[in-house]
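**Student:** Sending over a structure as C-alpha cells; questions will come in a sec.
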Amino acid sequence: MSFAQAVRQKVMTREPMVSEKLPFDCHVDKFTIQTTDRDYMQVIRLTGASFESADDSQVNLWYKRLNVLLKNVASHNIAIWQHIVRRKENKYPEGEYPEGFAKDLKEKYSARLNLEKLRVNELYLTVVYRPFPNKIGNAMFEVMKRADNTSAASEREEAVALLNKVVTTITRSLRRYDVEKLGVYKHMGVHYSEPMEFMSYLLNGHWRRFAIAQAPLRKLMPAVRPLFGSETIEIRTATSTSYGAMLGISVYPDETSPIFLQEILKAPFDFVLSQSFSFIKQESARNRMRTTQRVMESAEDDAKSQIDEIEDALDDLASKKIVMGEHHFGLFVKAGDLDSLETNVADAETALAEAGIQSAREDLALVAAFWAQFPGQFKNRPRLSAINSKNFCGFAPLHNFPSGRLKNNHWGDALTMFTTTAGTPFYFSFHHSDPLDVKGVKVKDVGHTMFLGPTGSGKTATVAFLLSMLVKCECTCVLFTKDRDTEIIIRALGGTYYSIRKGVRTGWNFFTLKDKTFIKQMVLYLCAHNGDIGAISVTDRDEIEEAVNAVMRLDPKHRKLGRVLDYLDKNKELRQRLQRWCYSRQEGRPDGENAWVFDNAQDELADTLGNNLITGFDVSEFLNIDELRTPINMYLFHLTESLIDGRRFAMFIAEFWKALSDPPFQSFVEDRLRTIRKLNGFVVLDSQSPNDALASPISHVLLQQTPNKILFPDGNADWDLYKKIVTEREFNIIKEEDPEQARSFLIKQGHSSVFASLDLTGMDFELDVLSSKKRNLDLMESLIAAYGALPQNWLPHFAAARRDA
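Sequential numbering from 1 applies to the sequence shown in the UniProt record's numbering.
Okay, structure coming up:
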C-alpha cells in the first residue's frame, strides 16, 4: 500500500456515514422541516439590500432595523442560520434569434462573457425553532411521545405555529430585501423540496432537484462523500474532485459595522459563509457578562476600556437596546485544485483581516466546522462566542449586489446580461419582475424605462444594443429618434426608417383614417391659435366639425385636409390658420408653409406601420419647432397606439421631455402609460440632456411612471435635479466617472440599484452599427443605394468597408 493510499485509508476510517451527520428528518408541511432532534426549521431566500450605492445614512438605518427585528423575535427557543453562497455564474439568457445581425451580436457578446469569471452571491436565512433547547427537554419529549402520540402531535402543531409566527414577522420586516420562503413544489407529477435543494448544495456543492421520498431526508442528500484531512476537505463526485478549507474566528474584532465584511462579497473564489446566532435568555446573558467583568477586574486587567464596554453592554441589555446570542462563523473556501485552494485561503484571510477579524484555518475542529454549516447542528458548532444583536447585524447585514433574474421574467428569459463593478452578472429585463413572483405568472410588472446620459456616455449604443436583443421577443418596436442616432441599427435589423425632412412631402393624410373623432381633433388643433383648442368658440368649433363631416362625405379619393377650406368662412381667422397647412388650389396663390405635412392625396404610412417589427422616425428637424412638433407627434402617436393591442410592444421616445410636454400629450403621460402596460407594452424614454429632462414640468410624473432608470456618467449633472432619483453616493459616481474609461451606468430597478457595464471591447464592427456616426451613416446610404435596403445585401459590404478603413 502506497503512502497516499495509507493516508486515504486512515482518513476514510475517521468518517462515519454522511447521512448520520445530517439533522434533517422530514417535511411536516410545505415549508417546515423537522430535524432528528425534533426541532423545526424554515428557509428564506433573499436577494439582499443593494448597499454599494446607498448613502451611509440609509445603510445605518437598515442596520438599526435589523437589530430591532432581532429583538422582536428574540427567544431562547429560536436560532438563526445565515448563509452566503458565492458561486460561478455566467450563463447567458436563452432565446431564439432569426439569422442576421441581432443573432450574430448576441453570439459574439455571449461568447465574450463566457470568458469572464463572474460570480453571484445568494443569501439564505434559516429559522430554527427548538421546543426543548436542551437535552433534558428532548428526553422528556421522547418519554411523552412514547406515552401519548396525541400529545406529541399537539406539541408539534404548537411548535410549527410558533415558528410560522416568527418567520412571518421576519419576512414582513425584510420585504425590501426581496424575500421568498422556500417550500415544496410539484414538477412533472413529482414533489420536490426547495429547502432541501439548498441543504443538498451545502453538502454536494452543486444544485439539483431534491425529490421527496419515503425515507428520512438526510438519507436522500448525499451525492458525494467529503474526505477530511488535517486542514483540507476533499469532495469527490463521479466526474470531478474539488477541495475546501474552513476558516473560523480566533479573535473577534473590537467592533462591527454594517459594511465591515463587504469585501468578501467580491471575492474571486467560490465559498459558503455560514453563521448561526442562537438567542440567550437575558438573565443568562447578564450573568455571563458579569462573570467576564469580574474576571478581568480581579486579574487587574489593563483593558479598562473593555471593562467599561461590558458595563455599557449591560446597560444596553437592561434597556433592551440589544439582545445576546451564541454566534458561530465558518467560511468554507473552495477551489478546483490544492494550489488554487492555498491562494484562495490566503485571499480570504486577507479580506477577514481587513475587517479586523483574526481568522484561523480549522484543523482539529475541521470536521465539526464543516457539519456546523447545516442548520440545526447545534452540537457541532465550533468556537462559539457570545455577541450582541448589533454585532450579529454587522456580521450578517444581508447586503448584496443585485443580479436581476435569469428566468421567469415577464417575457421569459432575461433580455441580456451585463457585468457589474463587483464582478457579478446582472440579468437585465425591461420588466422588473416582482421578486415574490418566482414563476413569473403575474402581469403587474412594469417595463417603462428612462435613459439619461449626455453625448459620448454610451447611452445610444446601449439603447441600440437592447433594441437588438428585443428581436428574440418578437416585439413590435416604434422609435422616435434624434439625429438619426439609431438609423443604422434599425436598418441592420431589417426595420423601416423614416427621416422626416422639413418641406419634403411626408405622404401623410389623416383623412384616410377611420377614427373621425381623431380627425376632428387634428383639424381643430391646426385651426387653433398656438394649438389652444379650448380658445375656439362654440360657433367656430361647430363650423369646423361640420366642415370635417362634409369632407368625410366625399369620395375617399377626394378626402384631404385642403378640402376643409371649401367649407369654412373665408373671412375667419381660423381658416387663415388652416391655410398654412394646405396646398393652394388657386393659381397664383402660394402654398401653405406646412402643407407638406398632412395635405397629401394618400396616406402612405397608416397602412404599412407595423408591417416590420421595427420602425423608426427621425424627429430632429421639427423637435424644436413647436408649431410642427405637436401635430406631427399627435398623428404619429395615434398611429403607433393602434399597434398596442396585446402584442409585445415597445415605444422609444428620444428627448421625451420635449415631445411629451405639449398639452395634447397630458393624457398620454398621466393615463396612457398605464394602458400600455396593461396591454403588454412598455415605453422607453431617453434624453442626452439629463438636466433639461429632469427640470421639465412633466418630469415628476414620468419619474413615478418609470420604475426602471438607467443613468450614464454626466460631468454636468446637477444635484438639485438628480436628487429626485438618486442617492448622494450614486450622484457622486455619476458626476465623477469618466465615461470614456468606465463605459458603466447605473441601473435602478425597484428599490435596487447597481453599477453595470456593457463591454463591447474588440467588437468594432458591431459598435459601428450600434452608434450611427456620421461617416457610417454616409457609408450605409451609399451601400443601400448600390445594393438595396435588405440588410443581408448591404451589411456585409458595410462590415468589409469598416474593416478596411
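Where a beta carbon is used, it is the ideal one built from N, C-alpha and C, also for glycine.
All of these numbers come straight from a predicted model, not from anything done at the bench.
State the Cα-Cα distance for the pair Gln282 and His700, rounded to the nearest angstrom.
**Tutor:** Counted from its first residue, the sequence shown places residue 282 at position 282. Counted from its first residue, the sequence shown places residue 700 at position 700. When only Cα atoms are considered, Gln282 and His700 end up about 50 Å apart.
**Student:** Tell me whether Arg577 sits in a helix, a strand or coil according to DSSP, three-state version.
**Tutor:** Counted from its first residue, the sequence shown places residue 577 at position 577. In the structure shown, Arg577 sits in a helix (DSSP, three-state: H, G or I).
**Student:** Using three-state DSSP, classify Leu118 as helix, strand or coil.
**Tutor:** Residue 118 sits at position 118 when you count from the first residue of the sequence shown. DSSP places Leu118 in coil when its eight states are reduced to three.
**Student:** Quick check on the DSSP output: the beta strand (DSSP E) that includes Asn388 runs from which residue to which?
**Tutor:** On the sequence shown, position 388 is the one that residue 388 refers to. Counting along the chain, the beta strand (DSSP E) containing Asn388 begins and ends at Ser385 to Asn388.
**Student:** Between which two residues does the alpha helix (DSSP H) harbouring Lys709 extend?
**Tutor:** The sequence position of residue 709 within the sequence shown is 709, counting from 1. Run containing Lys709: none in the alpha helix (DSSP H); it sits in the beta strand (DSSP E), Asn708 to Leu711.
**Student:** Would you identify the three-state DSSP class for Ile544, choosing helix, strand or coil?
**Tutor:** In the sequence shown, the residue the question calls residue 544 occupies position 544. Helix, per DSSP.
**Student:** Reducing DSSP to helix, strand and coil, say where Lys186 ends up.
**Tutor:** Start at 1 with the first residue of the sequence shown, and residue 186 comes out as number 186. Residue state, collapsed to three classes: strand.
**Student:** Nearest to Trp596 by CA position, among Pro697, Ser584 and Asp555, is which residue?
**Tutor:** As a working mapping, residue 596 is identified with position 596 in the sequence shown. When only C-alpha atoms are compared, the closest one is Ser584.
**Student:** Mark Trp719 as exposed unless 16 or more other C-beta atoms lie within 10 angstroms of its C-beta, in which case mark it buried.
**Tutor:** Counting from 1 along the sequence shown, the entry for residue 719 is found at position 719. That one is exposed.
**Student:** Applying the criterion that 16 or more other CB atoms from any shown protein chain within 10 Å of the CB defines a buried residue, is Trp207 buried or exposed?
**Tutor:** Working through the sequence shown from its first residue, we reach residue 207 at position 207. By the neighbour-count rule (16 or more Cβ atoms within 10 Å), Trp207 is not buried but exposed.
**Student:** Given this structure, state the Cα-to-Cα distance separating Gln358 from Ser274, to the nearest angstrom.
**Tutor:** As a first step, residue 358 must be located in the sequence shown, where it is residue number 358. As a first step, residue 274 must be located in the sequence shown, where it is residue number 274. Approximately 17 Å between the Cα atoms of the pair.
**Student:** Which residue comes first and which comes last in the alpha helix (DSSP H) that contains Arg405?
**Tutor:** Position 405 of the sequence shown, counted from the start, is the residue given in the question as residue 405. Unbroken run through Arg405: none, as it is neither H nor E.
**Student:** Consult DSSP for Val441 and reduce its assignment to one of helix, strand or coil.
**Tutor:** Here residue 441 refers to the residue found at position 441 of the sequence shown. Because Val441 sits at a pLDDT of 47, beneath the cut-off of 50, its placement in the model cannot be relied upon, and the following sentence gives the value as read from the coordinates. It is coil, neither helix nor strand.
**Student:** Classify Ile33 as helix, strand or coil using the three-state DSSP reduction.
**Tutor:** The sequence position of residue 33 within the sequence shown is 33, counting from 1. Three-state DSSP puts Ile33 in a strand.
**Student:** Among Lys557, Asn530 and Leu561, which one has its Cα closest to the Cα of Glu545?
**Tutor:** What you label residue 545 is simply residue 545 of the sequence shown in a count that begins at 1. The residue with the shortest Cα to Cα distance from Glu545 is Leu561.
**Student:** Can you tell me whether Glu194 is buried or exposed? The criterion is at least 16 other CB atoms within 10 Å of its CB, across all chains shown.
**Tutor:** Stepping through the sequence shown from its first residue, residue 194 is reached at position 194. Under this definition Glu194 is a buried residue.
**Student:** Leaving out five residues on either side along the sequence, give the residues of the same chain with a beta carbon under 8 Å from the beta carbon of Ala785.
**Tutor:** Locating residue 785 in the sequence shown gives position 785, where the first residue counts as 1. Nothing listed; no residue qualifies.
**Student:** Between the region 113-127 and the region 81-90, are three or more C-beta pairs nearer than 8 Å?
**Tutor:** yes
**Student:** Give a yes or no on contact between the region 719-728 and the region 481-493, applying the rule of three or more CB pairs nearer than 8 Å.
**Tutor:** Output reads no: the region 481-493 does not touch the region 719-728.
**Student:** When DSSP labels each residue in this structure, what does Ala801 get in the three-state scheme?
**Tutor:** Numbered from 1 along the sequence shown, position 801 holds the residue referred to as residue 801. Three-state DSSP puts Ala801 in a helix.
**Student:** Identify every run of the alpha helix (DSSP H) within the region 161-226, keeping only runs that are complete inside it and at least 4 residues long; order them along the chain.
**Tutor:** 194-204 and 217-220
**Student:** Taking 8 Å as the threshold (C-beta atoms), are Leu565 and Arg580 in contact?
**Tutor:** Translated into the one-based positions of the sequence shown, residue 580 becomes position 580. Translated into the one-based positions of the sequence shown, residue 565 becomes position 565. Not in contact: Arg580 and Leu565 (Cβ atoms no closer than 8 Å).
**Student:** Could you tell me whether the Cβ atoms of His432 and Asp445 are closer together than 8 Å?
**Tutor:** One-based indexing of the sequence shown puts residue 432 at position 432. One-based indexing of the sequence shown puts residue 445 at position 445. In this structure, Asp445 lies closer than 8 Å to His432 by Cβ.
**Student:** For Asn691 and Ser250, I'd like the C-alpha separation in whole angstroms.
**Tutor:** Residue 691 sits at position 691 when you count from the first residue of the sequence shown. Residue 250 sits at position 250 when you count from the first residue of the sequence shown. Cα-Cα distance, rounded: 53 Å.
**Student:** At the level of alpha carbons, what is the spacing between Gln214 and Thr169?
**Tutor:** Taking the first residue of the sequence shown as 1, we reach residue 214 at position 214. Taking the first residue of the sequence shown as 1, we reach residue 169 at position 169. C-alpha separation (whole angstroms): 32 Å.
**Student:** Whole-angstrom Cβ separation of Gly325 and Ile387, contact assumed at under 8 Å?
**Tutor:** What you label residue 325 is simply residue 325 of the sequence shown in a count that begins at 1. What you label residue 387 is simply residue 387 of the sequence shown in a count that begins at 1. The Cβ separation is near 7 Å, so the contact holds.
**Student:** Check this for me: beta carbons of Gln749 and Asn708, under 8 Å apart or not?
**Tutor:** Position 749 of the sequence shown, counting from 1, holds the residue named residue 749. Position 708 of the sequence shown, counting from 1, holds the residue named residue 708. A contact, by the Cβ cut-off of 8 Å.
**Student:** Just the Cα atoms here: how many angstroms apart are residue 840 and His191?
**Tutor:** Absent from the structure is residue 840, since the part of the chain shown begins at 1 and ends at 805.
**Student:** Report the rounded CA-to-CA distance for Asp363 versus Met246, giving the unit in angstroms.
**Tutor:** Mapped onto the sequence shown, residue 363 falls at position 363. Mapped onto the sequence shown, residue 246 falls at position 246. Spanning the two alpha carbons is a distance of roughly 8 Å.
**Student:** Let me confirm a value: Ala535 is counted as buried when at least 16 other C-beta atoms fall within 10 Å, else exposed. Which label applies?
**Tutor:** If you number the sequence shown from 1, residue 535 lands on position 535. With fewer than 16 Cβ atoms within 10 Å of its Cβ, Ala535 is classed as exposed.
**Student:** Mind checking which residues open and close the alpha helix (DSSP H) that includes Phe731?
**Tutor:** Counting from 1 along the sequence shown, the entry for residue 731 is found at position 731. Phe731 -> alpha helix (DSSP H) spans Glu728 to Glu736.
**Student:** Please report the Cβ distance between Phe374 and Pro226, rounded to the nearest whole angstrom; I am assuming they are in contact, meaning their Cβ atoms lie under 8 Å.
**Tutor:** For the purposes of this step, residue 374 is identified with residue 374 of the sequence shown, where counting begins at 1. For the purposes of this step, residue 226 is identified with residue 226 of the sequence shown, where counting begins at 1. Not really, about 12 Å apart at Cβ, beyond 8 Å.
**Student:** Starting from the Cα of Ser772, find the closest Cα among Ala49, Val43, Phe665 and Ala461 and give me that residue.
**Tutor:** Here residue 772 refers to the residue found at position 772 when the sequence shown is read from its first residue. It is Ala461 whose Cα lies nearest to the Cα of Ser772.
**Student:** Considering only DSSP beta bridges, list what Cys26 is partnered with.
**Tutor:** One-based indexing of the sequence shown puts residue 26 at position 26. Gln34.
**Student:** When we look at the beta-carbon of Val443 and count the other beta-carbons within 10 Å, is it buried (16 or more) or exposed?
**Tutor:** Taking the first residue of the sequence shown as 1, we reach residue 443 at position 443. Caution is warranted here: a pLDDT of 48 is assigned to Val443, below 50, making its placement in the model unreliable, and the coordinate value is therefore given only provisionally. That one is exposed.
**Student:** What are the boundary residues of the alpha helix (DSSP H) that Val73 is part of?
**Tutor:** Here the question's residue 73 lines up with position 73 in the sequence shown. Asp56 to Val73 is the span of the alpha helix (DSSP H), which, as asked, contains Val73.
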